[in-house]
Amino acid sequence: MEASYIAAELIEHRRVARDTAILAYRLLEEPQRQPLPGQFYMFHVPGVEAVPLSVYNYSQRTIWFLVKERGETTRIIVEEAPRRIGLLGPLGKPLPPPPRGGRALLLAGGVGVAPLAFYARHHPSTLLLGVRSREYYFDTGIGCVLVASDDGSIGVRGTVIEAIDSYRIEPASYSLIIAAGPTPMLCAAYAEMKRRGVLGKTILVLEEETICGLGFCGSCLIPGTSLRLCREGPGVEARLLSSWFQARCKAC
743 MEASYIAAEL IEHRRVARDT AILAYRLLEE PQRQPLPGQF YMFHVPGVEA
793 VPLSVYNYSQ RTIWFLVKER GETTRIIVEE APRRIGLLGP LGKPLPPPPR
843 GGRALLLAGG VGVAPLAFYA RHHPSTLLLG VRSREYYFDT GIGCVLVASD
893 DGSIGVRGTV IEAIDSYRIE PASYSLIIAA GPTPMLCAAY AEMKRRGVLG
943 KTILVLEEET ICGLGFCGSC LIPGTSLRLC REGPGVEARL LSSWFQARCK
993 AC
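Next comes the structure, spelled out in structure tokens:
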């Protein structure tokens, strides 16, 4: 994996939901490699720190990020959107396409919609998106999106996992299943796909603390495995994550 450091300049800053913004940055030089769905960058906020952000879209030296307020640094990004930044990447393994002629079922919660929306722009997919309420929802601009909300204010009522039955979706009919979102949602996805007997074709896009992004520091080691999120992830085959499930999900 080759990553490069590249400067970028803000060209768009748009609030799209209560605590979420879309930012577009123009790369100031041609990148050595273009990002692929599932990859991320270390986004260097001047004078603050670097945080990992998944790619929401990419086209002609312009990269889009979907950023949700989750701490002080992401609050600064959402509210103030620095004009000049440094990006290290692309990092991580791209998500695999569905087998030829197949279709992927994408389960997204929170900022998990970022890598999955990027994926859906490139591969045949059905995207099931879970939000807390209508004020947290925004239009991704892609085709087939089914929505679930905790309070029923948009789409069907319930979690994104509960919405599988509400929309009469049969995961076994899809050639690939990818889930991305907060850890409790991923725990529920793991348990549900195991119950349905489709864990072998399921990928979880995990969240772990990431500091260097290059695999040196070991901060993003996935519990119960020898895998590093920034090198062997963020998307990991669910069949490899039984120990992760025991470590992360018992309290969820």
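All residue numbers for the sequence shown refer to our numbering, where the first residue is 743 and numbers rise by one. C-beta: ideal position from N, C-alpha, C; glycine also.
Sequence-distant residues of its chain with Cβ nearer than 7 Å to residue i (five each side left out)
i: Glu912; result: none
i: Leu769; result: Ile748, Ala750, Arg803, Ile805
Identity of the residues DSSP links to residue i by a beta bridge
i: Tyr800; result: Ile805
i: Met784; result: Pro794, Leu830
i: Val873; result: Ser891
i: Gly885; result: Gly885 is not bridged to any residue.
DSSP three-state assignment for residue i, whether helix, strand or coil
i: Val820; result: helix
i: Lys992; result: coil
i: Ile748; result: strand
i: Ile764; result: strand
i: Ile906; result: helix
i: Leu941; result: helix
i: Thr868; result: strand
i: Lys810; result: strand
i: Arg981; result: helix
Other residues of its chain near residue i: CB distance less than 6 Å, five sequence neighbours each side excluded
i: Gln774; result: Ser746
i: Thr882; result: Ala859
i: Ser698; result: This structure cannot speak to residue 698, because the chain is shown only from 743 to 994.
i: Ala930; result: Ile903
Buried or exposed (CB count within 10 angstroms, at least 16 for buried), residue i
i: Ser985; result: exposed
i: Ala989; result: exposed
i: Leu833; result: buried
i: Arg825; result: exposed
i: Ser968; result: exposed
i: Glu771; result: exposed
i: Cys886; result: exposed
Expected contact under 8 Å - CB spacing of residue i and residue j to nearest Å
i: Thr901; j: Gly854; result: Rounded, the Cβ-Cβ distance is 13 Å, inconsistent with contact.
i: Ile945; j: Val978; result: 7 Å
i: Thr815; j: Glu791; result: 6 Å
i: Ser917; j: Pro965; result: 29 Å between Cβ atoms; not a contact.
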